[in-house]
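Enquirer: A single structure is presented below for examination.
Protein chains in written order, with our numbering: chain A, 1 to 257; chain B, 258 to 512.
Written out as structure tokens, the structure is:
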């Protein structure tokens, strides 16, 4: 028992290194999680932005939080896919028959999701800066933004883990990505909700992404966040706990097979 | 037999999945340093036994010890002393052969993972393909890498679950050679297979699993004695297609 505990972090590092390689060697993943959000940002700012009344003089400032969430949302389909292939190819069985902590294999994927999103978000923010994004936010606000993005990433990652661990086909594993892709589109990520028809507007204003987007936007603009931040955190933490529970259940079920 | 001479001891092993009784009371022992073959048709429960022995699955009842450790109460010690080569070649296809081996060596917390990898690549004839992704490997190469990954930890007991299923005859013979070498160096090999020829080629002791029970076990000679003596018939010995195939391939290689 003791030996596995002592090595938990080095084992995790091996797992992390392994799935980071999976990402870096997959052009498809890099395009979907980094290049596509950047292209979307370029499209919205330079093609559609002129016609959008966001209520801010700098549309990049308005748009960036939503783009960051889209980047995270795009990435989790790959988490399902990587988990699914590990289960399917017997890689998990190999790890589980070795003297390493059982949870290392799963947590390796979760950490990878977190780290890869940190990288793609940093790249996207860099591009946004070149495009004219400016923020008066202080260190504390930036740290809060990082915290909320991390929480959002973990939440979606655990949802994706349920799909990856319990799907019976590769299509099923990746299908989880589609509803997640849609949430940022029907929110205040691109345009303020006030222009939407009442039904859509009611949905947009009360779904998790809007509160998260607006919290990040307020933090970056150095404006008071009010209660939005707590709504955002409550959404993420609540969904994450439920998703974590079901993902763990699926993991244990896989183990017992 | 003393305790040290028994690598695996299974008594009254039962396992059901929901209402399906897969194992209905399995007993057998595997001697240290031997090649033990578990023979059975598809769905006989071979993989279930391997999973219980490798601590991937908990039995419903029965006493199972591996290298002297109970699989339920000391799974950690069991894992420390075994290696599993599962039915699907569990190699990471995105990584190269070398990276796969280094990864496993690091998970075993060995001193010099790159050195360990180099040695195994050489031993398994994979040096030339070492830096290619495993997804480009042929079935035989993939299986060799798979077995090499199982040898990283230098476990005294290795499980090979249908190691030659899906391989071409040449690759199968290569795997047989590896298994013989392993046993020659003192490793206990637990092998499952559905090929009778494989058992004849390799196994010191054989157990036949049928409908969740071991119906016979013993050495090949003992098993042969159980059945009516061979009848002597005079027939012209035709080469099998496999012999023809291997002869042609062999000639091609000599050229």
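Quick reminder that beta carbons are idealized off the backbone N, C-alpha and C, glycines included.
Small disclaimer: the values here were computed from a predicted structure and weren't measured.
#1: At 3 residues or longer, what runs of the beta strand (DSSP E) sit wholly inside the region 315–358 of chain B?
#2: Flag this pair as touching only if the region 400–413 of chain B and the region 348–358 of chain B have three or more C-beta atom pairs under 8 Å; answer yes or no.
#3: Taking only beta-carbon positions, decide if residue 98/A is within less than 8 Å of chain B.
#4: Mind reading off the beta-carbon distance from residue 311/B to residue 174/A? Whole number of angstroms is fine, and I expect it under 8 Å.
#5: For residue 99/A and residue 336/B, I'd like the C-alpha separation in whole angstroms.
#6: According to DSSP, simplified to helix, strand and coil, what is residue 284/B?
#7: For residue 307/B and residue 171/A, I'd like the C-alpha separation in whole angstroms.
#8: In chain B, which residues lie with their C-beta within 8 Å of the C-beta of residue 79/A?
#9: Determine, using beta-carbon pairs with one atom in the region 285–301 of chain B and one in the region 441–458 of chain B, whether at least three such pairs fall under 8 Å.
#10: Should residue 7/A go down as buried or exposed, given a rule of 16 or more other Cβ atoms within 10 Å for buried?
#11: Using a C-beta to C-beta distance shorter than 8 Å, which residues of chain B count as neighbours of residue 199/A?
#12: Using a Cβ-Cβ distance cut-off of 8 Å, determine whether residue 22/A contacts chain B.
#13: Counting Cβ pairs closer than 8 Å, one from the region 60–80 of chain A and one from the region 200–219 of chain A, do we hit at least three?
#14: With DSSP as the reference, label residue 141/A as helix, strand or coil.
#15: Would residue 116/A pass as a contact of residue 166/A if the rule is Cβ separation under 8 Å?
#16: Give me the chain B residues within the contact set of residue 231/A, using Cβ-Cβ distance strictly less than 9 Å, ordered along the chain.
#17: Using CA atoms only, rank isn't needed, just tell me which of 413/B, 457/B, 471/B and 491/B is closest to residue 478/B.
#18: Compare the beta carbon distance of residue 292/B and residue 436/B with 8 Å and say whether it is the shorter of the two.
#19: So is residue 15/A buried or exposed if we call it buried at 16+ other beta carbons inside 10 Å?
#20: Taking C-beta pairs closer than 7 Å, name the residues in chain A that residue 349/B reaches, listed in chain order.
#21: Using the beta-carbon count (16 or more within 10 Å), is residue 411/B buried or exposed?
#22: Go through its chain and collect everything with a Cβ distance to residue 281/B's Cβ below 8 Å, but skip five positions before and after it.
#23: Near residue 371/B, which residues of its chain fall below 7 Å by C-beta distance, leaving aside the five closest residues on each side in sequence?
#24: Which residues of chain B have a Cβ atom closer than 9 Å to the Cβ of residue 11/A, listed in chain order?
#25: So which of 82/A, 220/A, 180/A and 80/A has the shortest CA-CA distance to residue 142/A?
#26: Please report whether the beta-carbon of residue 318/B lies at a distance below 8 Å from any beta-carbon of chain A.
#27: By the three-class DSSP mapping on this structure, what secondary structure does residue 383/B have?
#28: Please work out which residues of its chain come closer than 8 Å, Cβ to Cβ, to residue 24/A, disregarding the five sequence neighbours upstream and downstream, and give them in chain order.
Expert: Result, derived from the coordinates:
#1: 318–323 and 339–342
#2: yes
#3: The beta carbon of residue 98/A sits closer than 8 Å to some beta carbon of chain B.
#4: Actually they do not touch by this definition, with Cβ atoms about 30 Å apart.
#5: 5 Å
#6: strand
#7: Distance between residue 307/B and residue 171/A, taken at the CA atoms: about 30 Å.
#8: By Cβ distance, chain B contributes nothing, its closest Cβ being about 15 Å from residue 79/A, past 8 Å.
#9: yes
#10: By the Cβ-count criterion, residue 7/A is buried, with 16 or more other Cβ atoms from all chains shown falling within 10 Å of its own Cβ.
#11: Here the premise fails: no neighbours, minimum Cβ distance about 45 Å.
#12: Taking CB atoms only, residue 22/A has a neighbour in chain B less than 8 Å away.
#13: yes
#14: helix
#15: The answer is no: Cβ separation not under 8 Å.
#16: Listed by position along chain B, the residues whose Cβ is nearer than 9 Å to that of residue 231/A form an empty set, because the closest Cβ is around 40 Å away.
#17: 457/B
#18: yes
#19: buried
#20: 18 and 91
#21: That one is exposed.
#22: 271, 468, 469 and 470
#23: 359
#24: 363, 364 and 366
#25: 220/A
#26: no
#27: coil
#28: 30
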